[in-house]
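**Q**
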Amino acid sequence: MAWGIVWPVKNSVDASRWRAYAARERAADGAFVVCVKTTGIFCRPVCPARQARRANVEFVDAPRDALLRGYRPCKRCRPLDAARVRTGLVTRLLAMVERVPDEPVRARHLLAMGIDPSAARKQFVAATGMTFAAYQRNRRVGMVVRHLQMSGRKRGRVIAAQQQAGFASASGFREAVHRLVGEAPSKASGTRVIASMMFATPLGDMLALASDDGLLVVDFTDRKGMEREIARVRVKMGSKQQPAAIVPDEKCDVLMRVREQMGEYFAGTRTKFDVKLAPGMGTAFQERVWRVLMEISPGQTRSYGEQARAMGDAKAVRAVALANGKNYRAIVIPCHRVIGKDGTMTGYGGGVERKRWLLRHEGARLVE
């Protein structure tokens, strides 16, 4: 079964982007973003700063993708400024995030500083193309991802990179990340280890976590609440006193299998997954809901009411919907196949547009 997905030829695209970056072609401005690995900064292709070596850069489509890889916006070329207009308020908001990047800045905090949250939202979207909340969420998840990617490097190089990227304190950065990820096993004797892997899909990067019990998490890195789920899983697999540590593992059997099968799914050659799922990741009711979700065939959909009836409890519609929302093993447990009773799209952790894409990809008939 082929669903007509055409994968981009990454090498040729990168070669073209490198030529445009090396020549500082004006036509390339806004077409992609340049990420400098050695400094942790992302730039516009026409940035006036000294250009990095080819081996030290990677290219992504948009600022959001750079944020999710843990990069920070360049202060010289200001790649977040979609209209090249940044107000003093937006500059202040960005600075607030960088002072304590792992602590969300909420409406009540803005009000306490005399800032109108509504004005802040509008100005931030106008200047960056994303909401302030989305920027903060992407920034926090990006910190985790970058930490995992760097964990195999020498500590001195990591600290130097963070300082070059503009962090006021390398120790402050480490403390912020460790609150989300945890110490490396070598520094936390007896700590249980969770294997991690990040991989690309046509709909964005996914982060997968696994233990000896099986797959714990696989979801889009920009999903709302992802950092809370990471923290919850760490405690669940360890304890409040000593949460499990997350380390990158490209050779974990479960993670290699899920990455391979996700690739096959998006290529249209796989319709079901046979990845080992870790038990006990939810309540007994949630686990039951997730098992019933896996009975929905690709190309088919159910309403929340139909799902509740399939479980033998027609009145549990709201509880079923809430349990679906707690599923952090996206696509493998296909909560995207549950829609509104009138056939319309309903909420999805990865975003309604992703949900619509997945259903079309599987051949489901949708109400337009």
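Residue numbers (the numbering used here): 1439 to 1806.
All residues carry an ideal CB built from backbone N, CA and C; glycine is no exception.
Keep in mind it's a predicted model, so treat the numbers as computed, not measured.
What is the DSSP secondary structure of Ser1390, counted as helix, strand or coil?
**A** The structure shown has nothing for residue 1390, since the chain only spans 1439 to 1806.
**Q** Do you know offhand how far Leu1804's Cα is from Arg1661's?
**A** Your numbering for residue 1804 matches position 366 in the sequence shown. Your numbering for residue 1661 matches position 223 in the sequence shown. Roughly 23 Å separates the two Cα atoms.
**Q** Pick helix, strand or coil for Asp1650, following the three-state DSSP scheme.
**A** Locating residue 1650 in the sequence shown gives position 212, counting from the first residue. Coil.
**Q** Taking 8 Å as the cut-off, does the segment 1721-1737 touch the segment 1769-1776 (at least 3 CB pairs, one atom from each stretch)?
**A** Yes, since at least three Cβ pairs between the segment 1769-1776 and the segment 1721-1737 fall closer than 8 Å, the two stretches touch.
**Q** Roughly how many angstroms lie between the CA atoms of Gln1724 and Met1664, to the nearest whole one?
**A** Along the sequence shown, one-based indexing puts residue 1724 at 286. Along the sequence shown, one-based indexing puts residue 1664 at 226. Answer to the nearest angstrom: the Cα atoms are 18 Å apart.
**Q** What are the start and end residues of each continuous alpha helix (DSSP H) run of 4 or more residues lying completely inside the segment 1685-1734, in chain order?
**A** With a minimum length of 4 residues, the continuous alpha helix (DSSP H) runs that stay inside the segment 1685-1734 are 1691-1705, 1722-1731.
**Q** From the DSSP output, in three-state form, read off Cys1512 for me.
**A** In the sequence shown, the residue the question calls residue 1512 occupies position 74. Three-state DSSP puts Cys1512 in coil, outside helix and strand.
**Q** Which residue wins for smallest C-alpha separation from Leu1641, given the options Tyr1459, Ala1461, Glu1791?
**A** Within the sequence shown, numbered from 1, the residue matching residue 1641 stands at position 203. The candidate whose alpha carbon is nearest that of Leu1641 is Glu1791.
**Q** Is Phe1497 closer than 7 Å to Asp1452 when the C-beta atoms are compared?
**A** The residue given as residue 1452 occupies position 14 in the sequence shown. The residue given as residue 1497 occupies position 59 in the sequence shown. Yes, these two residues count as a Cβ contact at 7 Å.
**Q** State the start and end residues of the unbroken alpha helix (DSSP H) segment that holds Met1551.
**A** Mapped onto the sequence shown, residue 1551 falls at position 113. Neither: Met1551 is in no alpha helix (DSSP H) and is coded neither H nor E.
**Q** Could you check where the beta strand (DSSP E) with Val1631 kicks off and where it finishes?
**A** Reading the sequence shown from its first residue, position 193 is the one you call residue 1631. It spans 1631-1637 - the beta strand (DSSP E) in which Val1631 sits, taken as one unbroken run.
**Q** If Val1671 and Arg1695 are in contact, beta carbons under 8 Å, what's the gap, nearest whole angstrom?
**A** As a working mapping, residue 1671 is identified with position 233 in the sequence shown. As a working mapping, residue 1695 is identified with position 257 in the sequence shown. Not a contact, Cβ separation roughly 19 Å.
**Q** Can you tell which of Arg1502, Arg1530, Gly1526 has the C-alpha that lies nearest to the C-alpha of Pro1517?
**A** Here residue 1517 refers to the residue found at position 79 of the sequence shown. The shortest Cα separation from Pro1517 among Arg1502, Arg1530, Gly1526 belongs to Arg1502.
**Q** Who pairs with Ala1768 in a beta bridge, going by DSSP?
**A** One-based indexing of the sequence shown puts residue 1768 at position 330. Answer is Ile1771.
**Q** What's the C-alpha gap between Ile1479 and Gln1489?
**A** By 1-based counting over the sequence shown, the position of residue 1479 is 41. By 1-based counting over the sequence shown, the position of residue 1489 is 51. Cα to Cα, the separation comes out at about 12 Å.
**Q** Quick one: measure Cβ to Cβ for Thr1639 and Phe1704, integer angstroms, because I've assumed they're closer than 8 Å.
**A** Taking the sequence shown and counting its residues from 1, the one referred to as residue 1639 is at position 201. Taking the sequence shown and counting its residues from 1, the one referred to as residue 1704 is at position 266. Between Phe1704 and Thr1639 the Cβ distance is about 6 Å, and since that is below 8 Å, they are a contact.
**Q** Per DSSP, which residues does Val1655 bridge with? Please list them.
**A** On the sequence shown, position 217 is the one that residue 1655 refers to. Leu1647, per the DSSP bridge assignment.
**Q** For the alpha helix (DSSP H) containing Val1543, name the first residue and the last one.
**A** Walking along the sequence shown from the start, residue 1543 turns up at place 105. Looking at the DSSP string, Val1543 is not in any alpha helix (DSSP H), and its letter there is neither H nor E.
**Q** Please state if the CB of Arg1559 and the CB of Leu1505 are separated by a distance shorter than 7 Å.
**A** As a working note, residue 1505 is residue 67 in the sequence shown. As a working note, residue 1559 is residue 121 in the sequence shown. For Leu1505 and Arg1559, no; Cβs fall outside 7 Å.
**Q** Please report the Cβ distance between Cys1515 and Cys1485, rounded to the nearest whole angstrom; I am assuming they are in contact, meaning their Cβ atoms lie under 8 Å.
**A** The count along the sequence shown starts at 1 and reaches residue 1515 at position 77. The count along the sequence shown starts at 1 and reaches residue 1485 at position 47. At roughly 4 Å, the Cβ-Cβ gap stays under 8 Å, so Cys1515 and Cys1485 are in contact.
**Q** Determine the DSSP secondary structure at Glu1496, reduced to helix, strand or coil.
**A** Within the sequence shown, the letter at position 58 stands for residue 1496. Looking at Glu1496 - three-state DSSP - the assignment turns out to be strand.
**Q** Please return the same chain residues whose Cβ sits closer than 7 Å to the Cβ of Arg1630, not counting the five positions on each side in sequence.
**A** Along the sequence shown, read from residue 1 onward, the residue named residue 1630 stands at position 192. The residues are Met1675, Gly1676, Ala1682.
**Q** What residue range does the beta strand (DSSP E) around Val1471 cover?
**A** The residue given as residue 1471 occupies position 33 in the sequence shown. Segment 1471-1474, the beta strand (DSSP E) holding Val1471.
**Q** Between which two residues does the alpha helix (DSSP H) holding Asp1503 run?
**A** Counted from its first residue, the sequence shown places residue 1503 at position 65. Membership of Asp1503 in the alpha helix (DSSP H) is indicated by the continuous run 1501-1506.
**Q** Might you give, ordered along the chain, the residues of its own chain that have their beta carbon closer than 7 Å to the beta carbon of Val1656, omitting 5 neighbours on each side?
**A** Numbered from its first residue, the sequence shown carries residue 1656 at position 218. Cβ within range, chain order: Met1644, Ala1646, Val1696, Arg1767, Ala1768, Val1770.
**Q** Quick one: what does DSSP say Asp1467 is sitting in, helix, strand or coil?
**A** Residue numbering aside, residue 1467 sits at position 29 when the sequence shown is read from its first letter. Strand.
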